[in-house]
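J.:
2 protein chains.
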Amino acid sequence: MDLTFLGTGGSVPTTKRNTMSIALRRGSEVLLFDCGEGTQRQLMSSSVSFMRITRIFITHHHGDHFLGLPGLIQSMNFYGRTAVLEIYGPEGTADLVTRLLGLGTFDLQYQVHGMDLAPGQTVAGEGYRITAFGTAHTTPSLGFAFHEEDRPGRFDPQRALDLGIKEGPNFSRLVHGESVMVGEERVTPEEVMGPPRKGLNIVYSGDSSPCQEMRDASQGADVLIHEATVTSDLSEKAKEYGHSTSKDAAVLAKDVDAKVLYLVHISGRYDEVEPLLLEAQGIFPNTIIPSDLDTFIVRKE
Amino acid sequence: MDLTFLGTGGSVPTTKRNTMSIALRRGSEVLLFDCGEGTQRQLMSSSVSFMRITRIFITHHHGDHFLGLPGLIQSMNFYGRTAVLEIYGPEGTADLVTRLLGLGTFDLQYQVHGMDLAPGQTVAGEGYRITAFGTAHTTPSLGFAFHEEDRPGRFDPQRALDLGIKEGPNFSRLVHGESVMVGEERVTPEEVMGPPRKGLNIVYSGDSSPCQEMRDASQGADVLIHEATVTSDLSEKAKEYGHSTSKDAAVLAKDVDAKVLYLVHISGRYDEVEPLLLEAQGIFPNTIIPSDLDTFIVRKE
Numbered sequence: 046m047d048l049t050f051l052g053t054g055g056s057v058p059t060t061k062r063n064t065m066s067i068a069l070r071r072g073s074e075v076l077l078f079d080c081g082e083g084t085q086r087q088l089m090s091s092s093v094s095f096m097r098i099t100r101i102f103i104t105h106h107h108g109d110h111f112l113g114l115p116g117l118i119q120s121m122n123f124y125g126r127t128a129v130l131e132i133y134g135p136e137g138t139a140d141l142v143t144r145l146l147g148l149g150t151f152d153l154q155y156q157v158h159g160m161d162l163a164p165g166q167t168v169a170g171e172g173y174r175i176t177a178f179g180t181a182h183t184t185p186s187l188g189f190a191f192h193e194e195d196r197p198g199r200f201d202p203q204r205a206l207d208l209g210i211k212e213g214p215n216f217s218r219l220v221h222g223e224s225v226m227v228g229e230e231r232v233t234p235e236e237v238m239g240p241p242r243k244g245l246n247i248v249y250s251g252d253s254s255p256c257q258e259m260r261d262a263s264q265g266a267d268v269l270i271h272e273a274t275v276t277s278d279l280s281e282k283a284k285e286y287g288h289s290t291s292k293d294a295a296v297l298a299k300d301v302d303a304k305v306l307y308l309v310h311i312s313g314r315y316d317e318v319e320p321l322l323l324e325a326q327g328i329f330p331n332t333i334i335p336s337d338l339d340t341f342i343v344r345k346e
Numbered sequence: 046m047d048l049t050f051l052g053t054g055g056s057v058p059t060t061k062r063n064t065m066s067i068a069l070r071r072g073s074e075v076l077l078f079d080c081g082e083g084t085q086r087q088l089m090s091s092s093v094s095f096m097r098i099t100r101i102f103i104t105h106h107h108g109d110h111f112l113g114l115p116g117l118i119q120s121m122n123f124y125g126r127t128a129v130l131e132i133y134g135p136e137g138t139a140d141l142v143t144r145l146l147g148l149g150t151f152d153l154q155y156q157v158h159g160m161d162l163a164p165g166q167t168v169a170g171e172g173y174r175i176t177a178f179g180t181a182h183t184t185p186s187l188g189f190a191f192h193e194e195d196r197p198g199r200f201d202p203q204r205a206l207d208l209g210i211k212e213g214p215n216f217s218r219l220v221h222g223e224s225v226m227v228g229e230e231r232v233t234p235e236e237v238m239g240p241p242r243k244g245l246n247i248v249y250s251g252d253s254s255p256c257q258e259m260r261d262a263s264q265g266a267d268v269l270i271h272e273a274t275v276t277s278d279l280s281e282k283a284k285e286y287g288h289s290t291s292k293d294a295a296v297l298a299k300d301v302d303a304k305v306l307y308l309v310h311i312s313g314r315y316d317e318v319e320p321l322l323l324e325a326q327g328i329f330p331n332t333i334i335p336s337d338l339d340t341f342i343v344r345k346e
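Protein sequence lines, in the order shown, are assigned to chains P and X.
Each residue of the first sequence is one higher than the one before, counting from 46 in the numbering used here.
Each residue of the second sequence is one higher than the one before, counting from 46 in the numbering used here.
#1: Contact defined as beta carbons within less than 8 Å: I believe VAL296/X pairs with LEU269/X. What is the distance between those atoms, to the nearest angstrom?
#2: To which residues does DSSP link ARG70/P through a beta bridge?
#3: Can you confirm whether SER90/P, when its beta carbon is compared against all beta carbons of chain X, has any partner nearer than 8 Å?
#4: Using a C-beta cutoff of 8 Å, does GLN85/X count as contacting chain P?
#5: Can the beta-carbon of VAL301/P be found less than 8 Å from the beta-carbon of ARG260/P?
#6: Which residues does DSSP list as the beta-bridge partners of GLY54/X?
#7: Please report how far the alpha carbon of ILE328/X lies from the alpha carbon of GLU171/X, in whole angstroms.
#8: I need the straight-line Cα distance from GLY159/X to THR127/X, nearest angstrom please.
#9: Measuring alpha carbon to alpha carbon, tell me which of ALA68/X, GLN257/X, GLU272/X ends up nearest THR332/X.
#10: Starting from HIS182/P, trace the alpha helix (DSSP H) in both directions and tell me its first and last residue.
#11: With DSSP collapsed to three states, give me the class of ASP161/X.
#12: Counting only beta-carbon atoms, is ARG144/X nearer than 8 Å to chain P?
#13: If you drop the 5 nearest sequence neighbours on each side, which residues of the same chain put their C-beta closer than 7 Å to that of LYS243/X?
#14: Do the region 82–95 of chain P and the region 46–53 of chain P make contact, defined as three or more Cβ pairs closer than 8 Å?
#15: What does the alpha-carbon distance come out to for the pair GLN156/P and LEU112/P?
#16: Can you find a C-beta in chain X that's less than 8 Å from the C-beta of PRO135/P?
#17: Taking the CB atoms as reference points, tell me whether THR276/X and PRO320/X lie closer together than 8 Å.
#18: Assuming the contact rule is C-beta atoms closer than 8 Å, SER56/P and HIS106/P should be a hit. Round their C-beta distance to whole Å, please.
#19: How many angstroms separate the CA atom of MET226/P from the CA atom of ARG70/P?
#20: Just how far apart, CA to CA, sit SER250/P and ALA68/P?
#21: Quick one: measure Cβ to Cβ for SER289/P and SER253/P, integer angstroms, because I've assumed they're closer than 8 Å.
#22: Residues in its own chain within less than 7 Å of VAL59/X by CB, not counting five upstream and five downstream?
#23: Counting only C-beta atoms, is GLY188/X closer than 8 Å to chain P at any point?
#24: Expressed to the nearest angstrom, what Euclidean distance is found between the alpha-carbon atoms of LEU208/X and PHE216/X?
#25: So the candidates are ALA283/P, ASN246/P, LYS61/P, HIS310/P; which of them puts its Cα closest to the Cα of PHE189/P?
#26: Does any CB atom of chain X fall closer than 8 Å to the CB of GLU285/P?
#27: Quick check: THR180/P and HIS192/P, are their CB atoms within less than 8 Å of each other?
#28: Please name the residue or residues paired with GLY188/X in a DSSP beta bridge.
#29: Report the residue ranges of all beta strand (DSSP E) runs contained in full by the region 215–261 of chain X; include only those spanning at least 3 residues, in chain order.
#30: Please confirm whether SER56/P has its beta-carbon closer than 8 Å to some beta-carbon of chain X.
#31: Could you please give me the residues that DSSP links to GLY116/X through a beta bridge?
#32: Whose C-alpha, out of GLY116/X, HIS221/X, GLY149/X, GLU285/X, is nearest the C-alpha of LEU141/P?
#33: Return helix, strand or coil for ASP302/X, following the three-state DSSP convention.
#34: Tell me whether ASP293/X sits in a helix, a strand or coil according to DSSP, three-state version.
#35: DSSP state of ALA169/X, grouped into three classes?
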């Protein structure tokens, strides 16, 4: 599983940072979080296949988070997509998607479903679920918490051999949950399988001032992706526009015991990110500010 | 006056070529022709100030020619634009602009006027006029012919001195159209001013198969900017989708006695443009295929 930061800029793109979009790749499936203008071209510049996107999650209806949708939808069409595309977001998203599909003349050959999510609602996928939570912005807005399902523990072949089981069909039986007999002794799967492996939790803030909902959703996150539009000297301005500072994000990451913090939605005023990074790392050392198109493998520590 | 090719790609952008947009810079004014997704960021990567754009001309309502409008409009707003922005295009453009302005939540602080143009209609500016003409595409489509007004001839100071006029106020009088006396002799402006300088004609095809309207509009063009989606081995496909080949464009440039031909709207299938360029230059040698962000000074030969 990996994360590709397609766009990490603030409200207006810069030559360095496009508007927001993050791809989460898991097996053959790609989930997209936000889709600012130009996202299709960022995808083309990355190793992420845009034809494998199954679901897009839009945090809110500011242009820098969704204006890449019509172009992406039309290019998928041009390249012959037939699979359904689902687009989720806060109230009004179904209507917004309908209006985006009505822009310009083209003959859509696959289904695009726009759906409104209320805070607390969950979208279930194969091996994961994504829960929307309310955030504190200037327009209805959501954050998203991705929860990977726990997977069975790993089979320990040495332990099985030690218990007198021969390599072969009996190994397979144990892996698939059956007990096997060794002479008069019964060996159960529990004896040779490690503990269940906990699924990964990834939380994305979208645009938001600090709020309780964000705090609740982030508890113990393996990966916390948080907006940090400005440094804390501009905290009044950040609050006025429903944004967070790099300090806000780092304090949250520390308080909820996150494993790693990625800062995104960096204002165009910062040519170099050092001030944001230093401020955050002073509070939460494992902070990263990705550049556009950076990919990070994510795994349970 | 100069032309900046902001995007020169076909229906779908590639990592090398963004979707269509061309900026014509004339004094402090910038005119934009088409505005594909990502144009605002291309502008940021160029030397063209997007705040100086006064008018945008959209050739037709395929996404690759207009989906950059909402982001550009919103970024202009973010940066405090107050001047009116005019957007022209074929039938339905006023309605399209209204719908684009309704996408997402933002508080527009300046006026954006969307206007439909019928073929033959002209938009007059300071020192120029732009005439729309019908083209042959799969949806209502226009091309645009930019005509610069003729300017007065240049003052010839040597000729004035030869006629006995002393350098000083009398030079200025002649330049401003007054006659002056040299002893008993009257010298008229016509005697010391060169012939009127013809304005420049720039013609842009948008997307089109070859057609009579395009031919009529292009007669004697100083600069012909023509789409060349594919090479002539794909001419049937080009015709089917309302496009031109590099050969079509070059034949037109030759027939109408254009001075220079720029080929744009290059299909993503061409990683290198050599096949298109060689085909066109074999017919019309002064052919150029600009790369994205190339700027060319345009002047009367």
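Note that the Cβ used here is the ideal one computed from N, Cα and C, for glycine as well.
T.: Walking through what the data contain:
#1: Going by Cβ atoms, the distance from VAL296/X to LEU269/X rounds to 12 Å, so no, they are not a contact pair.
#2: Paired residue(s): ASP47/P, VAL75/P.
#3: Yes - at least one Cβ of chain X is within 8 Å of the one on SER90/P.
#4: For GLN85/X, the answer is yes, since a Cβ of chain P falls inside 8 Å of its Cβ.
#5: Cβ atoms of VAL301/P and ARG260/P: closer than 8 Å.
#6: BP columns for GLY54/X point to ILE311/X.
#7: Near 36 Å, if we compare the C-alpha coordinates of GLU171/X and ILE328/X.
#8: Distance between the alpha carbons of GLY159/X and THR127/X is about 16 Å.
#9: Looking only at ALA68/X, GLN257/X, GLU272/X, the smallest Cα-Cα distance to THR332/X is reached by GLU272/X.
#10: Per DSSP, HIS182/P belongs to no alpha helix (DSSP H) and is neither H nor E.
#11: Three-state DSSP puts ASP161/X in a strand.
#12: The beta carbon of ARG144/X falls within 8 Å of a beta carbon belonging to chain P, placing the residue at that interface.
#13: Excluding five sequence positions before and after LYS243/X, the CB atoms of its chain that fall closer than 7 Å to its own CB belong to ASP195, LYS345, given in chain order.
#14: With a cut-off of 8 Å, the region 46–53 of chain P and the region 82–95 of chain P count as touching, because enough Cβ pairs lie within range.
#15: Counting only the Cα atoms, LEU112/P lies some 19 Å from GLN156/P.
#16: Against chain X, the CB of PRO135/P has no partner CB under 8 Å away; the residue lies outside that interface.
#17: Result yes, Cβ atoms of THR276/X and PRO320/X sit closer than 8 Å.
#18: Taking the Cβ atoms as the reference, SER56/P lies roughly 13 Å from HIS106/P, outside the contact range of under 8 Å.
#19: Taking C-alpha positions only, MET226/P is separated from ARG70/P by approximately 41 Å.
#20: Taking the straight line joining both Cα atoms gives about 14 Å.
#21: About 6 Å separates the two Cβ atoms, so the contact holds.
#22: The sequence shown places Thr at residue 59/X, rather than the Val named in the question. Same-chain partners within the cutoff: GLY313.
#23: No, GLY188/X does not count as interfacial toward chain P.
#24: Going by the C-alpha atoms only, they are around 12 Å apart.
#25: Looking from the CA of PHE189/P, the closest CA among ALA283/P, ASN246/P, LYS61/P, HIS310/P belongs to ASN246/P.
#26: No - not a single Cβ of chain X is within 8 Å of the one on GLU285/P.
#27: No; because the gap between Cβ atoms is not below 8 Å, this pair is not in contact.
#28: Residue pairing by DSSP puts GLY188/X in a beta bridge opposite PHE178/X.
#29: Counting whole runs of 3 or more residues, the region 215–261 of chain X contains the beta strand (DSSP E) stretches 225–227, 230–232, 246–249.
#30: For SER56/P, the answer is yes, since a Cβ of chain X falls inside 8 Å of its Cβ.
#31: Residue pairing for GLY116/X: DSSP places it in no beta bridge.
#32: Residue GLY149/X is the option with its Cα nearest to LEU141/P.
#33: Three-state result, ASP302/X: coil.
#34: In the structure shown, ASP293/X sits in a helix (DSSP, three-state: H, G or I).
#35: Three-state DSSP puts ALA169/X in a strand.
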